[in-house]
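**Q** Following this message is one structure expressed as structure tokens.
Residue numbers (the working numbering): 19 to 273.
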């Protein structure tokens, strides 16, 4: 006897299910295509930016898997040499070595290959804050490979301090808060049956942040439904208190 479709889906661990094709995932793939289709005379920087929790990292991972392009997440402690060494590692050089200038030349050579997919630079705000953005510009300028900078809402403003970098960004893509259609996709992926009115309540509580909405579905709705034997959450019925990402206030002091 075949399992019910919803039951079989819920049996698959979330980490092994395909990512939900949210609007920000589609927007990122659109940006990738724009960068690939650019004229040889165009500059080669794109920027994907938005508030924390909007799903930029998930969109970047999806694009990285689809294109095979190198994906760097800039570390808090990185130096300029760390930046280039980690880029070389992503390009297949398992033990990068040499001076900064030698490794930079090697990265430029590797990225100059025909049909090089875009390079995804996550946490790109740190490139600006740690004064590494000029190193990236050198590699981008000389290799002509496409680079997509991913960062917080303030990233465009931070890049404005470096006019010769800011002016080379040919496509700006702002990440958007989840809408109701996105919420439905995330609920389906989580295996939680929730009607649209309740989903709208969760969406508002989550302030449109995909990360927080997923937490509400998995860590609030699921235990609440399991404890009450509910198969679905509907408006008009008993509902849990949805989390909004803020810590609860202290009720009273001891004594």
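Backbone N, C-alpha and C fix where the C-beta goes; we use that ideal spot for every residue, glycine too.
1) Assign residue 133 to buried or exposed, taking buried as 16 or more other Cβ atoms, counted over all protein chains shown, within 10 Å of its Cβ.
2) I need the straight-line Cα distance from residue 211 to residue 263, nearest angstrom please.
3) At the level of alpha carbons, what is the spacing between residue 105 and residue 164?
4) Nearer than 7 Å: is that true of the beta carbon of residue 220 relative to any heavy atom of the ligand SAM?
5) Mapping the DSSP letters down to three states, classify residue 137 as helix, strand or coil.
6) Taking only the alpha-carbon atoms, compute the straight-line gap between residue 147 and residue 251 and give it to the nearest angstrom.
7) CA-CA distance, residue 248 and residue 255?
8) If I follow the unbroken alpha helix (DSSP H) through residue 129, where does it start and stop?
9) Return the CA-CA distance between residue 208 and residue 235, expressed in angstroms with no decimal places.
10) Determine the closest residue to residue 89 out of 200, 242, 266, 142, with distance taken between C-alpha atoms.
11) Bridge partners of residue 66, per DSSP?
12) Using only alpha-carbon positions, find the residue among 241, 230, 265, 220 that is nearest to residue 253.
13) Among residues of its own chain, excluding the 5 on either side of residue 232, which ones have a beta-carbon nearer than 8 Å to its beta-carbon?
14) Count the other CB atoms within 10 Å of the CB of residue 265; is the residue buried (16 or more) or exposed (fewer)?
15) Here's a check: name, in chain order, each residue in its chain whose Cβ is nearer than 7 Å to the Cβ of residue 160, leaving out the five neighbours to either side.
16) Between which residues of its own chain and residue 215 is the CB-CB distance below 7 Å, once the five residues before and five after are set aside?
17) Taking the straight line between their C-alpha atoms, what separation do you get for residue 187 and residue 144?
18) When the Cα atoms are used, what is the spatial distance from residue 98 to residue 91?
19) Using three-state DSSP, classify residue 76 as helix, strand or coil.
20) Closer than 8 Å by C-beta to residue 40: which residues in its own chain qualify, once you throw out the five before and the five after it? Chain order, please.
21) Hey, which unbroken runs of the alpha helix (DSSP H) at 4 residues or more fall wholly within the region 211-239?
22) How would you call residue 31, buried or exposed, if buried means at least 16 neighbouring beta carbons within 10 angstroms?
**A** On the basis of the supplied data:
1) For the purposes of this step, residue 133 is taken as residue 115 along the chain shown, with counting starting at 1. Residue 133 comes out exposed.
2) In the chain shown, the residue the question calls residue 211 occupies position 193. In the chain shown, the residue the question calls residue 263 occupies position 245. Roughly 22 Å separates the two Cα atoms.
3) By one-based count along the chain shown, residue 105 stands at place 87. By one-based count along the chain shown, residue 164 stands at place 146. If you take the alpha carbons of residue 105 and residue 164, they lie about 14 Å apart.
4) For the ligand SAM, the structure offers nothing, since it holds no ligand at all.
5) Along the chain shown, one-based indexing puts residue 137 at 119. Strand.
6) Residue mapping note: residue 147 aligns to position 129 of the chain shown, counting from 1. Residue mapping note: residue 251 aligns to position 233 of the chain shown, counting from 1. Their backbone Cα atoms lie some 45 Å apart in a straight line.
7) The residue labelled residue 248 in the question sits at position 230 within the chain shown. The residue labelled residue 255 in the question sits at position 237 within the chain shown. So the alpha carbons of these two residues sit roughly 10 Å apart.
8) What you label residue 129 is simply residue 111 of the chain shown in a count that begins at 1. From DSSP, the alpha helix (DSSP H) with residue 129 extends over 118-129.
9) As a position in the chain shown, residue 208 is number 190, starting the count at 1. As a position in the chain shown, residue 235 is number 217, starting the count at 1. Their Cα atoms are separated by approximately 7 Å.
10) The residue labelled residue 89 in the question sits at position 71 within the chain shown. Closest by alpha carbon: 142.
11) Sequence index remark: in the chain shown, residue 66 carries index 48 (1-based). DSSP output for residue 66 lists 168, 191 as bridge partner(s).
12) Taking the chain shown and counting its residues from 1, the one referred to as residue 253 is at position 235. Residue 253 has its Cα closest to that of 220, out of 241, 230, 265, 220.
13) The residue given as residue 232 occupies position 214 in the chain shown. So the list reads 204, 208, once near-sequence residues are dropped.
14) Counted from its first residue, the chain shown places residue 265 at position 247. Exposed.
15) As a working note, residue 160 is residue 142 in the chain shown. Cβ within range, chain order: 126.
16) Your numbering for residue 215 matches position 197 in the chain shown. Once the five neighbours on either side are set aside, the close Cβ partners of residue 215 are 253.
17) Counted from its first residue, the chain shown places residue 187 at position 169. Counted from its first residue, the chain shown places residue 144 at position 126. Cα-Cα distance, rounded: 17 Å.
18) Here residue 98 refers to the residue found at position 80 of the chain shown. Here residue 91 refers to the residue found at position 73 of the chain shown. Looking at the two C-alpha atoms, the distance is approximately 14 Å.
19) Start at 1 with the first residue of the chain shown, and residue 76 comes out as number 58. Helix at residue 76.
20) The residue given as residue 40 occupies position 22 in the chain shown. The answer, listed in chain order, is 73, 76, 77, 196, 200, 203, 204, 228.
21) 214-223, 228-233
22) Walking along the chain shown from the start, residue 31 turns up at place 13. Note that residue 31 scores a pLDDT of 47, beneath 50, so its modelled location is shaky and nothing firm can be said.
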